[in-house]
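Heads up, the working numbering is the position in the sequence shown plus 15, with the first residue counted as 1. Even glycine gets a Cβ: it sits at the ideal position worked out from N, Cα and C. These numbers were taken from a predicted model, which means no experiment stands behind them. Report on the following structure.
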Amino acid sequence: MIKHIILVSFCIISLEGLGNNRIKAPVDPAKRCVSSKINHEKCEDMRKKSIDIGCITYEEYYTLKKYGAFPSCNILKGEGLDMLDGWCPCGCFHPDTLIKVITSNNFFPLDIRAKKILENHNKFSLAHLSKDSQIKNFFIDYSPIRLITYGEEKKKMISIRTEDGRTLEITKEHPVFVAPGKMKFAHSLNTNDLLLDISSQEVAIQRIEEKEYYGDVVNFSTDKDSVTEHIIFANNLAVGDQYWQASLEDHMNQVLVYMQ
16 MIKHIILVSF
26 CIISLEGLGN
36 NRIKAPVDPA
46 KRCVSSKINH
56 EKCEDMRKKS
66 IDIGCITYEE
76 YYTLKKYGAF
86 PSCNILKGEG
96 LDMLDGWCPC
106 GCFHPDTLIK
116 VITSNNFFPL
126 DIRAKKILEN
136 HNKFSLAHLS
146 KDSQIKNFFI
156 DYSPIRLITY
166 GEEKKKMISI
176 RTEDGRTLEI
186 TKEHPVFVAP
196 GKMKFAHSLN
206 TNDLLLDISS
216 QEVAIQRIEE
226 KEYYGDVVNF
236 STDKDSVTEH
246 IIFANNLAVG
256 DQYWQASLED
266 HMNQVLVYMQ
């Protein structure tokens, strides 16, 4: 069984605070975030409310969104921007999701459950598309995990059953890579869509249905820059990583990988 999850996006520009962005890393090195239990909807809500009360700038909002993190604001520290007490990551993939990786001492690709990667993420590198990939000829690279997040999710998921017997269970907003080289939200998929596997083969969808899920979720991001290098593999099917979920909504439904 495979299960996943995801984020949202909106756009504003502000001159306030330019050059004074305090969000310098995916996770605040001075703040302990191990017990964080924030789902994606709550994460975005906390970012927006933090702008409303003046705790963060719009530039910092975008950076937090990029990292898939939420700010912690403490009125005991002062007023306005002085309230920022740190920031922590949100969450995403189901803990039993099989993620394609290699280990630091074994370069043979493995499918490892997300919860195992969470326990020792420095040991693994994520498999992802190379920026030179073609739609009929995927090139696979492996990169260190830049960010690992977890949290609680309480919404219905979409269960996708493929013609070859695979199951992919993800939230409605999770990005899925489909032929002819585009990302689509899971809720936009239909049985005419063709998924893409790690060998660049098209995979037909047999059925799509909603399914109840209540529990913790995990997510990962590669340390790369291009949008294609944030396409990873769950149950050997191509999906977006945490960075896609956090900040790449503008690229949805655009062709990302071409014939040549």
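Buried/exposed call for residue i, threshold 16 Cβ in 10 Å
i	result
Trp259	buried
Gly180	exposed
His189	buried
Thr206	exposed
Ile90	exposed
Asn251	buried
Lys358	This structure gives no information on residue 358, because the portion of the chain shown stretches from 16 to 275.
Asn121	exposed
Tyr229	exposed
Arg222	exposed
Gly95	exposed
Lys63	exposed
Ser51	With a pLDDT of only 47 at Ser51, under 50, the local geometry of the prediction cannot be trusted, and no value is derived from it.
Identity of the residues DSSP links to residue i by a beta bridge
i	result
His143	Asp156 and Ile247
Asp126	Lys115
Val14	Nothing can be reported for residue 14: it is not among the residues displayed for the chain, which extend from 16 to 275.
Simplified DSSP assignment, three categories, for residue i
i	result
Ala84	strand
Ala253	strand
Asn186	Note that residue 186 corresponds to Thr in the displayed sequence, not to Asn. If DSSP states are grouped into helix, strand and coil, Thr186 belongs with the strands.
Cys281	Since the first residue of the chain shown is 16 and the last is 275, residue 281 is not available in this structure.
Asp179	coil
Leu209	strand
Thr237	strand
Asn35	coil
Ser174	strand
Glu227	coil
Glu300	Nothing can be reported for residue 300: it is not among the residues displayed for the chain, which extend from 16 to 275.
Lys199	strand
Glu217	strand
Same chain only: Cβ atoms within 7 Å of residue i, ignoring 5 sequence neighbours per side
i	result
Glu227	Lys171
Leu99	Arg37, Cys70, Ile71, Pro86 and Cys88
Lys39	none
Other residues of its chain near residue i: CB distance less than 6 Å, five sequence neighbours each side excluded
i	result
Phe248	Lys115, Ala142 and Ile213
Ala253	Phe192, Leu211 and Ile246
Asn35	none
Ser65	Ile71, Pro86 and Cys88
Phe200	Glu188
Glu134	none
Met61	Phe85
Same chain, Cβ closer than 8 Å to residue i, five either side skipped, listed in chain order
i	result
Ile68	Cys88 and Met98
Phe154	Leu144, Ser145, Asp147 and Ser148
Val218	Thr177, Glu178, Asp179, Arg181, Leu209, Leu210, Leu211, Asp212 and Leu252
Ser158	Ser140, Leu141, His143, Thr237, Asp238, Lys239 and Glu244
**Report entry** contact_flag[the segment 232-243, the segment 139-157] where n(CB pairs < 8 Å) is 3 or more
**Finding:** yes
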